[in-house]
Amino acid sequence: MAPSILRARCALRSALRPVKPSAFTPSTSRFGARSSRRHASSSSHSTDSLLLGRLRIAFWSASITASLYVGYLYATDTRASVHRWIVPPLLRLVLPDAEDAHHVGTVALKTLYQLGLNPRERPELSLVSAAKEPSDLAVSVFGTVVANPIGISAGLDKDAEIPDALFDLGAGIVEVGGCTPRPQGGNPKPRVWRVPAVEGMINRYGLNSRGADAMAATLRDRLRKFARSLGLTEQQVLNGEGTEVPPGSLLPGRLLLVQIAKNKETDERDVEAVAKDYVYCVNRLAPYADVLVVNVSSPNTPGLRDLQATGPLTKILSAVVDEARKTARKTKPKVMVKVSPDEDEDSQIEGIVQAVWMSGVDGVIVGNTTKRRQGLVPAGIKLTVKEQQALTEQGGFSGPTMFDQTLYLVQRYRKLLDGHSLQAGTDEVTSNAGKSSDQKVIFASGGIKDGQQALKVLNAGASVAMLYTGLVYGGSGTVTRMKGELRKEIADGKA
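Per the UniProt record's numbering: the sequence shown = residues 1 to 495.
Have a look at this one:
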C-alpha cells in the first residue's frame, strides 16, 4: 500500500509542478511571424515585378512604335538619301533589263501609294497641304498658277496608273502617255538599254499602249473617287463647281498632261486617217486632261516624224484643236505639240511654228528623244562594251548630254514663235477655234537633271522644265532636289 500512496503523491506533484516554457514554443511563434512577413514581402515583390514588367513592355512598345514611325517618315520623304544613292543603283543591279526595272518601279510605286507608303514631299500632298507649298517658285501656265515649274515627262507613266504618286514627288506638272487610239504592243523586246557612264538611256518602245478607252476608264475612275469624296457629281468637278482644282490634276497648283499619238498601223501618208486617230484620243481623253499633247516626234513609230512638215501638221493640229474645244466641260483642255530635237534647221522650225499659229495650238514641248549619236559621249568618258553596244541600237537616246541641244531649241522656238505672232493676223487660220495673239507656251524636255539647267531653260523662254531620264538615275527625290537647287540659284541672283 505504501508504494501505491508514494506513486500517487509523485503523480500529484508532477501535475502541480509549474510547466516551464518549452523551447519549441517561442521558435514556433517566430517562425509564424517570419512566414507572415515573407508572405507579405513576396506579395509586394510580385506586385513590383508585375509593374516593372508592364513598364518594360510599354517602353519597348513605345520605342518600337517610335522607331517605325521615324523609319516611315524617313523612307517616305523624298529628301531621304536612300532614294538617290541606294534604290536606283539597286534596281540596276537586281534588274539588268531596263524595261523590267521600269515595270517593277511602276508597280511598286502604285502599290506603295495605295498603302500610303509612297515617297512624297513633306508636308504631305493633299487638298489642304498642297496649297501650302512655298509660292516662290510658282508660275502661271495657261492662266493657272502652278506651284512650281518642274514637270515629269510622258513615258514614265504610260497608262495613267500613277499620276497621283508622281504628283506626290513634288512636280507641278505630270504628263502621262503616250496613248494610242487602239491597244498596241509596241516593238519587240529587248527595247530599252541603259548607258550609265553618261546617265543615258536608249529606247525603242514603239508607243506600247493599252489604248485610249482603257486610259479613259482609269482616269474616269480616278475622277469618280474624287467626286464622291467631296459629295459632288463628276460633271460638277469637271466644271469646277464646289471645288477649285483643275479638272485634270484634281490638285491645286498642278496640271495633268495627256499625250496622244497615232497607231503604228495607220498609214502616215493618209493624213485624214492620222487625224482621225488623234481625234479619237481627244474624244475619249479630253475630259480628264488639263492639257493634251500631240506627239508627232517619237523616233520609234515609222513615218511619225514626217508629220512635222507644215502641211500635214497643220491639218492634224487643227483637227485636234477643234475637237478639244468641243469637250463637255466649262474650261476646255489646252493643246500642245511635242516636236523632235532632230528637226533643228531654221526652215524646219519655221514650218512647225507656222503650223502652230495656223492651227491655234497653245504651245510646244521641245523636244523628244534623239536618233543622233554624235556628241552624246563627252571626251574622256570610257564606255563598257555593253554600253558601246547599247549606243548602236536603233531608238531614241535621252540623257544629260542632250541638254545643250534642248537649250538651243528653246531659244530658237521662243524667238520664232514670238516673231511669228506679229504677223499672225495676216495668216490663214485653219482651225475653227479662231486666231489667238496670246504668247505660245514652251515646255523644255531633254537632258534636264538639276536646278541649274532648269533655270537656264526657264530664262531662255520656257515656262516649265521637264525630266524623265534624270528621274530614273536620280531617284524619287530628284524633283525635290531640283527645286531646292532652283531656289538657291534664284537667291544667288541668277534668275
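Cβ coordinates follow ideal geometry from the N, Cα and C atoms, glycine included.
Here the structure is a predicted model, which means the values were calculated and not measured.
Around the beta-carbon of Ala-491, fewer than 16 other beta-carbon atoms lie within 10 Å, marking it exposed. Boundaries of the alpha helix (DSSP H) harbouring Thr-469: 469-474, taken from the DSSP string.
Around Tyr-113, the same chain offers Ile-162, Asp-164, Ala-165 and Asp-168 as residues with beta carbons nearer than 8 Å, after the five sequence neighbours per side are excluded. According to the DSSP secondary-structure assignment, Gln-184 is paired through a beta bridge with Ser-209. Burial of Asp-450 is indicated by the presence of at least 16 other C-beta atoms within 10 angstroms of its C-beta. Rounded to the nearest angstrom, the gap between the Cα atoms of Ser-61 and Leu-51 is 15 Å.
A straight line joining the alpha-carbon of Glu-175 with that of Leu-256 spans about 6 Å. Under the DSSP assignment, Arg-194 falls in the beta strand (DSSP E) whose first and last residues are 192-195. Note on geometry: alpha-carbon atoms of Gly-253 and Ile-173 lie some 9 Å from one another. Put simply, of Asn-283, Leu-90, Tyr-280 and Asn-208 the residue whose alpha carbon is nearest the alpha carbon of Lys-264 is Asn-208. The three-state reading of DSSP puts Arg-120 in strand, counting E and B together.
Around Leu-232, the same chain offers Glu-241, Gly-242 and Thr-243 as residues with beta carbons nearer than 8 Å, after the five sequence neighbours per side are excluded.
Scanning its chain for C-beta atoms nearer than 8 Å, with the 5 sequence neighbours on each side dropped, one finds around Pro-183 the residues Ser-209, Arg-210, Gly-211 and Ala-214, in chain order. A direct Cα-Cα distance of roughly 41 Å separates Asp-221 from Glu-489. The way I'd put it, the stretch 335-342 does touch the stretch 358-365; three or more beta-carbon pairs between them come closer than 8 Å. When C-beta atoms of the stretch 438-450 are compared with those of the stretch 458-472, three or more pairs fall below 8 Å, so the two segments count as touching. Just so you know, the alpha carbons of Ala-101 and Leu-117 end up roughly 19 Å apart. In this structure, Leu-109 is the residue among Gly-170, Leu-109 and Phe-142 with its C-alpha nearest to the C-alpha of Asp-157. Following the DSSP letters along the chain, one finds Leu-292 inside the beta strand (DSSP E) bounded by residues 291-295. Taking the CA atoms as reference points, Gln-411 sits about 10 Å from Ile-442.
By the neighbour-count definition (other C-beta atoms within 10 Å, threshold 16), Pro-190 is an exposed residue. Annotation for Pro-312: Val-271 place their beta carbon closer than 6 Å to its own, counting only its chain and skipping 5 residues before and after. In terms of CA proximity to Gly-380, Val-198 leads the group Gly-395, Val-198 and Pro-287.
The Cβ neighbour count for Lys-483, taken over all protein chains shown within 10 Å, is at least 16; the residue is labelled buried.
From the listed residues Ser-49, Thr-47 and Thr-369, the smallest Cα separation to Pro-400 is found for Thr-369. Residue nearest to Ala-217 within the set Ala-273, Ala-66, Asp-159 and Met-201 is Asp-159 (criterion: CA-CA distance).
With fewer than 16 neighbouring CB atoms inside 10 Å of its own CB, Ile-57 falls in the exposed class. Beta-bridge partners of Lys-334 (DSSP): Val-291.
Taking C-beta atoms under 8 Å as the contact rule, Lys-276 and Thr-180 fail to qualify, at a distance of about 12 Å.
Ala-154 is positioned such that its CB atom lies closer than 8 Å to that of Val-293.
Annotated three-state conformation of Ala-444 is strand, per DSSP.
A distance of 8 Å or more separates the beta carbons of Gly-367 and Thr-314. Spatial neighbours of Ala-324 in its own chain (CB-CB distance under 7 Å, excluding positions within 5 residues in sequence) are listed in chain order as Val-282, Ala-286, Leu-292, Lys-332, Pro-333 and Val-335.
For Met-201, the uninterrupted beta strand (DSSP E) segment begins and ends at 200-203. Partner residues in the beta bridge of Thr-370, as assigned by DSSP, are Phe-397. Taking each of Arg-372, Leu-455, Val-107 and Val-87 in turn and checking the Cα distance to Pro-149, the smallest one comes out for Leu-455.
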